[in-house]
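Each residue of the sequence shown is one higher than the last, beginning at 27 in this note's numbering. C-beta: ideal position from N, C-alpha, C; glycine also.
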Amino acid sequence: RSIEEIQIVFDRNKSAIYSLYNRALRKNPSLQGKLVIRLNISPSGKITSIDLVSSELGDPALERKLVQRIKMFNFGAKQVDAVTITYPIDFLPA
Numbered sequence: 027r028s029i030e031e032i033q034i035v036f037d038r039n040k041s042a043i044y045s046l047y048n049r050a051l052r053k054n055p056s057l058q059g060k061l062v063i064r065l066n067i068s069p070s071g072k073i074t075s076i077d078l079v080s081s082e083l084g085d086p087a088l089e090r091k092l093v094q095r096i097k098m099f100n101f102g103a104k105q106v107d108a109v110t111i112t113y114p115i116d117f118l119p120a
């Protein structure tokens, strides 16, 4: 899987991720930072493992919700090997 293919899936799911962030932002208007996750994507397109590598958000509840939501992403079945990637997501108030 190319980084472009992975980026497309993240872009397609951006509204789901940012709705969680925006909800948390209402409680903490200064909430911002980078979240870095490591995920393993199987040939079926499902995420078989996901780990939080680092986070600047300082909101464990939000971090858990984001990881759970991202785990639901499906990258589509392909004739490829399983792949492990590290992926950063920046959260900044609009």
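- Rounded to whole angstroms, the Cβ separation of residue 55 and residue 119 is 7 Å, and the two are in contact under 8 Å.
- For residue 60, no alpha helix (DSSP H) run applies; the uninterrupted beta strand (DSSP E) run containing it begins and ends at 59 to 67, by DSSP.
- Take residue 51, set aside five residues on each side of it, and the residues of its chain with a beta-carbon closer than 7 Å to its own are 57, 119, in chain order.
- Residue environment: residue 80 is assigned as exposed (fewer than 16 neighbouring CB atoms within 10 Å of its CB, all protein chains considered).
- The shortest CA-to-CA distance from residue 39 to any of 97, 108, 88 is the one to 97.
- With at least 16 other beta carbons inside 10 angstroms of its own, residue 67 counts as buried.
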